[in-house]
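Same order as they appear, the protein sequences are chains A and B. Going by this note's numbering, the first residue of the first sequence is number 3, and it counts up by one from there. Going by this note's numbering, the first residue of the second sequence is number 3, and it counts up by one from there. First up is the structure itself, then whatever we jot down about it.
There are 2 protein chains.
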Amino acid sequence: MDIGSVGEFGLIASIRRRMKGKYPPEVRLGIGDDCAVLRPTGEVDWVVTTDTQVEEVHFRRDWLTPYQIGWRAIAVNLSDIAAMAAQPFGALAAFTLPAAIEVAFFEQMLDGVCDLGFRFDCPLIGGNLARDPSRLTMTFTVFGRVPRSRAVLRGGARPGDEIWVSGRVGGATAGLRTFLQPISLPAPVLETLRRRYAQPMPRVREAIFLRTANGLTSLIDLSDGLAGDLGHICEESHVGARIVAEALPVECGVHEVAATVGEDPLDYALRGGEDFELCCTARPGALAPLVDEFRAQFGIELTHLGTVTQEPALRLVKADGSEIALSPHAFDHFQA
Amino acid sequence: MDIGSVGEFGLIASIRRRMKGKYPPEVRLGIGDDCAVLRPTGEVDWVVTTDTQVEEVHFRRDWLTPYQIGWRAIAVNLSDIAAMAAQPFGALAAFTLPAAIEVAFFEQMLDGVCDLGFRFDCPLIGGNLARDPSRLTMTFTVFGRVPRSRAVLRGGARPGDEIWVSGRVGGATAGLRTFLQPISLPAPVLETLRRRYAQPMPRVREAIFLRTANGLTSLIDLSDGLAGDLGHICEESHVGARIVAEALPVECGVHEVAATVGEDPLDYALRGGEDFELCCTARPGALAPLVDEFRAQFGIELTHLGTVTQEPALRLVKADGSEIALSPHAFDHFQA
């Protein structure tokens with residue numbers, strides 16, 4: 003049964019049913035009118051972001067399950083809320099859909115959206131469904147709240163600050179490679195890498211934890227690659243950065259995949275993108291005392307990568323002590 | 003020169019430059035970080051909506067100028083803000099673009115977005131640009147503010163209320179027909195009809211004017227056709243409606259276009275959709291005293307169409323006094 007037989011309003015009714023009892027106090031009116039109605043309460047700022055996932059650009063239907071397509075599409079937006087150290091509280095969903103898509107496919111996609119959204123207290127509060135002749139696209143707009151003036155921006159890094167990263171990097175790119183060509187890997191390693199690409203976990207709670215530590219000066223999520231995203235921090239903060247290659251917490255299996263494909267594993271970590279880990283800068287000594295608690299609470303590492311510099315350049319210190327300049331250019335959609 | 007040569011970050015920088023000095027007090031941080039930062043001030047509610055325009059579904063590049071494509075895409079969202087009787091204050095823009103699009107095309111599209119957005123004090127506060135292999139799509143998320151608890155919803159219509167509509171209806175559908183086949187019309191009539199489709203004018207100020215009149219009970223904008231949108235009001239209000247065919251303010255030229263194509267002009271008015279006029283219900287006698295002032299302020303009519311009924315059906319009273327049942331079904335993207 004394709005979605006044409008249920009129709010736009012049938013699909014919307016199905017989404018609306020899933021949201022029963024899920025709205026936070028800010029949401030006075032959710033799905034069902036021309037707009038959602040939100041009521042600001044208390045001394046907060048709201049943050050808002052939007053991001054689109056396009057079939058055949060960001061994912062393929064033969065790589066990901068419908069569940070994973072939905073999960074990934076809201077995950078990349080929740081990650082932007084994490085990058086401000088805010089708590090999500092609602093999302094708008096704008097999908098374009100070929101009319102031949104099956105109802106079961108649509109519902110499984112929604113399962114993925116809801117499982118991840120509800121995990122972070124982020125229900126759907128509105129949206130739009132439109133037909134697309136050929137391609138599935140999913141645009142989410144996600145809202146978050148943060149105590150007033152406490153959103154952590156890109157522009158606060160100062161020379162001498164430490165540079166830190168959460169979790170492991172390079173895994174999403176390696177995972178993507180395993181869809182593009184067969185690569186021999188132990189099953190659990192393959193599974194982890196593919197999951198890094200297919201079902202990224204936004205670091206919402208980790209970011210809020212880091213904000214509550216005094217001394218955090220800037221924060222970003224890794225969507226364009228570590229070099230690109232650290233480049234964004236440097237640009238907005240008018241500083242540079244020196245990071246240590248040996249310190250990079252490269253995901254297990256990245257070296258094997260890179261060797262098979264004939265690429266440099268460092269490139270996966272520095273330019274790969276879509277790991278959706280956090281990269282932050284902090285006053286010297288501010289985060290080191292929290293490393294054990296971070297690991298205990300979240301089950302991932304917090305790793306000291308390098309130092310913010312006055313000179314506005316991005317440099318990588320290699321194992322032999324030599325330094326190379328990194329181009330800060332992030333992944334660009336139109337200059338692939 | 004195509005957008006690939008400027009790149010994603012070049013395009014974003016161009017948008018960011020246009021927004022200098024345009025942000026209202028709510029916008030603490032606009033384009034340039036992972037999220038925009040908004041600060042609620044005073045006793046207000048915020049409304050938010052999202053809508054996507056898809057090439058080859060909602061428009062074609064050989065029908066509309068790039069300027070009109072941009073204008074129309076933000077207009078349909080501003081119209082949803084009007085439908086809550088709110089004042090827009092900012093928008094997020096998520097575009098998917100073929101890399102071969104010319105920079106000049108993109109900039110003209112932005113001209114259309116900005117000319118209409120700025121007219122309603124609605125700058126771009128963030129967004130996303132992604133590649134699409136074949137199709138241009140534009141998703142806007144627009145924010146509005148309204149005095150607390152004063153947003154006008156769909157669910158407030160009561161039996162005995164009057165039904166009113168702004169401006170003229172059926173013009174957008176007739177305009178669309180003139181793109182689909184050559185139709186002989188006087189040049190100014192053709193121009194008006196095409197403009198109704200290509201550059202709709204959201205009724206933001208008109209809606210706020212109507213809200214300040216006491217007695218408004220429900221409000222919607224005409225995106226799915228009068229029968230469909232009045233059907234939404236009836237459904238959410240648990241009422242019915244009786245409207246008078248002779249009262250329908252049909253746009254000039256609609257009869258000629260319908261006669262040429264061999265369709266019923268009433269269908270253009272009732273089912274056509276995308277006129278983006280306002281349809282509202284009000285307590286008996288509340289709006290009649292305002293008709294002259296409405297015309298004087300806005301240059302368009304406010305027309306009394308019929309009555310809200312207890313019986314949950316949509317009925318049309320024809321010129322000979324006979325009544326027919328109207329199917330309330332709105333345009334459905336997946337049941338075309």
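Each residue gets a CB set at the ideal place from its N, CA and C atoms; glycine is no exception. Treat the numbers as computed from the prediction; the structure is a model and nothing was measured.
Not flagged as an interface residue toward chain A: Asn-216 (chain B), since no C-beta distance is shorter than 8 angstroms. In the structure shown, the three-state DSSP call for Arg-244 (chain A) is strand. Closest by C-alpha distance to Thr-305 (chain A), out of A:Arg-133, A:Cys-282, A:Tyr-270, is A:Cys-282. Listed as beta-bridge partners of Leu-94 (chain A) by DSSP are A:Gly-128, A:Thr-143. In the same chain as Arg-41 (chain B), and ignoring 5 residues on each side of it, the C-beta atoms closer than 7 angstroms to its own belong to Glu-28, Arg-30, in chain order. Taking a Cβ-Cβ threshold of 8 angstroms, the residues of chain B close to Trp-48 (chain A) are Val-39, Leu-40, Arg-41, Pro-42, in chain order. The C-alpha of Ser-7 (chain B) lies about 10 angstroms from the C-alpha of Leu-13 (chain B). Put simply, the CB of Gly-34 (chain B) is near chain A, with a gap under 8 angstroms to one of its CB atoms. Here His-257 (chain A) carries a helix assignment [DSSP, helix/strand/coil].
In terms of Cβ geometry, Gly-157 (chain A) and Ser-81 (chain A) do not form a close pair [threshold 8 angstroms].
The CB of Gly-129 (chain B) comes closer than 8 angstroms to the CB of Thr-52 in chain A, given here in chain order. The DSSP-derived three-state label of Pro-267 (chain B) is helix. No Cβ of chain B is located within less than 8 angstroms of the beta carbon of His-240 (chain A). The beta carbon of Gln-183 (chain A) does not come within 8 angstroms of any beta carbon belonging to chain B, so the residue lies off that interface. The stretch 46 to 54 of chain A and the stretch 105 to 113 of chain A do not touch, with fewer than three beta-carbon pairs separated by less than 8 angstroms. By the neighbour-count criterion, in which a residue is buried when 16 or more other Cβ atoms sit within 10 angstroms of its Cβ, Ile-103 (chain B) is buried. The DSSP-derived three-state label of Asp-64 (chain A) is coil. Membership of Ser-168 (chain A) in the beta strand (DSSP E) is indicated by the continuous run 164 to 168. Residue burial annotation: Gln-89 (chain B) is buried, with at least 16 other C-beta atoms found within 10 angstroms of its C-beta.
Judged by DSSP secondary structure, Glu-325 (chain A) falls outside any alpha helix (DSSP H) and instead within the beta strand (DSSP E) spanning 325 to 327. Contact check for Gly-129 (chain A) against Ala-96 (chain A) passes: the beta carbons are separated by less than 8 angstroms. For Ala-153 (chain A), the neighbours in chain B by C-beta distance under 7 angstroms run, in chain order, Val-39. Three or more Cβ pairs drawn from the stretch 200 to 210 of chain A and the stretch 163 to 179 of chain A lie within less than 8 angstroms of each other, which places the two stretches in contact. Considering only B:Leu-192, B:Pro-267, B:Val-263, B:Leu-212, the residue with the shortest C-alpha distance to Gly-227 (chain B) is B:Pro-267.
In the DSSP annotation of this structure, His-335 (chain A) is not part of any alpha helix (DSSP H), being labelled neither H nor E. Ranked by Cα distance from Leu-182 (chain B), the options B:Val-241, B:Gly-23, B:Ala-260 are led by B:Ala-260. Close partners of Ser-136 (chain B) in chain A (Cβ separation under 8 angstroms): Ser-136, Arg-137.
In the three-state reduction of the DSSP assignment, Gln-89 (chain B) falls in the strand class. Judged by DSSP secondary structure, Ile-222 (chain B) falls outside any alpha helix (DSSP H) and instead within the beta strand (DSSP E) spanning 218 to 223.
Taking the beta carbon of Glu-58 (chain B) as reference, the chain A residues within 8 angstroms of it are Pro-135, listed in sequence order.
Shown here for Leu-131 (chain A): same chain residues with a beta carbon closer than 7 angstroms to its own, the five before and five after excluded, namely Glu-10, Leu-13, Ile-14, Phe-97, Leu-99 in chain order. For Thr-214 (chain B), there are no CB contacts under 7 angstroms within the same chain when 5 residues up- and downstream are skipped. By the neighbour-count criterion, in which a residue is buried when 16 or more other Cβ atoms sit within 10 angstroms of its Cβ, Arg-297 (chain A) is exposed. Ala-38 (chain A) counts as buried, since no fewer than 16 other beta carbons sit within 10 angstroms of its beta carbon.
In this structure the stretch 50 to 57 of chain A lies against the stretch 137 to 150 of chain A, because at least three pairs of beta carbons, one per stretch, are closer than 8 angstroms.
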